[in-house]
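If you're matching positions, the sequence shown starts at 3 in my numbering and goes up one per residue. One structure is given here, and the rest of the page talks about it.
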Amino acid sequence: MKRPDTLAEVAQRVNDGTSFGLALSEFLDEFYVNPERRQAMIAEEPARLADNREHAMLGAVGEHLARRWNLAAPAWTDDESRFLHEPYFTTPIQNLKAMLLVQSPQAFRRRMIFTEAAPLRRARMPRAAAP
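So this is what it looks like as structure tokens:
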């Protein structure tokens, strides 16, 4: 099976039973090696996900990738359903939570998702762009 080409395909795979982390990682690998297609890869609105955190995370990913790579942020990333009402920390380790509050990129933080400074880092991410 080929990697997902769009965030919409990530949602489709998750809704079909693929783990969110795997589907997103495979998408990011494709995104980073296809600079000419990046805008199209985030343009289509992903379907609703059952897990509210994953659903909000797709909004954060779409917005963050747009900001990071100087693309137009898709309107769907601002949909109210893409925001959490309670904080979500990507680690259960209490001692790291203060660090995540500070380091989380804006697209994640404004959705109350607290994560590391470079949450979408992958081996295929262009080196010149790595934080």
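Note that the Cβ used here is the ideal one computed from N, Cα and C, for glycine as well.
- prompt: Tell me which same chain residues have a C-beta within less than 6 Å of the C-beta of residue 121, skipping the five on either side of it?
  reply: Walking along the sequence shown from the start, residue 121 turns up at place 119. The beta carbon of residue 121 sits closer than 6 Å to none of the beta carbons in its chain outside the five residues before and after it.
Practice task
Kindly indicate which three-state DSSP category residue 116 falls into: helix, strand or coil?
Solution key: On the sequence shown, residue 116 is found 114 positions in, with the first residue counted as 1. Looking at residue 116 - three-state DSSP - the assignment turns out to be strand.
Residue from 102, 118 and 12 with nearest C-alpha to residue 61: For the purposes of this step, residue 61 is taken as the residue at position 59 of the sequence shown. When only C-alpha atoms are compared, the closest one is 12.
- Among the residues of its own chain, which have a CB less than 6 Å from the CB of residue 41, if the five just before and after it don't count? Position 39 of the sequence shown, counted from the first residue, corresponds to residue 41. The beta carbon of residue 41 lies closer than 6 Å to those of 73 in the same chain, with the five residues before and after it left out.
Practice problem: Name the two residues that bound the continuous alpha helix (DSSP H) containing residue 101. | Solution: The residue you call residue 101 lines up with position 99 of the sequence shown. Membership of residue 101 in the alpha helix (DSSP H) is indicated by the continuous run 96-105.
* Is residue 85 helix, strand or coil when you go by DSSP? -> Mapped onto the sequence shown, residue 85 falls at position 83. Coil at residue 85, not helix or strand.
Practice task
Name, in chain order, the residues that DSSP records as bridge partners for residue 90.
Solution key: Position 88 of the sequence shown, counting from 1, holds the residue named residue 90. Its beta-bridge partners are 115.
Contact defined as beta carbons within less than 8 Å: I believe residue 126 pairs with residue 35. What is the distance between those atoms, to the nearest angstrom?
Here the question's residue 126 lines up with position 124 in the sequence shown. Here the question's residue 35 lines up with position 33 in the sequence shown. For residue 126 against residue 35, the beta-carbon gap comes to about 6 Å, under 8 Å, which counts as contact.
**OP:** Kindly indicate the opening and closing residues of the alpha helix (DSSP H) around residue 43.
**Re:** Here residue 43 refers to the residue found at position 41 when the sequence shown is read from its first residue. Note, residue 43: alpha helix (DSSP H), 40-45.
_Rounded separation between residue 10 and residue 76 - CA only_ = As a first step, residue 10 is located in the sequence shown; it is residue number 8 there, counting from the start. As a first step, residue 76 is located in the sequence shown; it is residue number 74 there, counting from the start. Taking the straight line from one Cα to the other gives about 12 Å.
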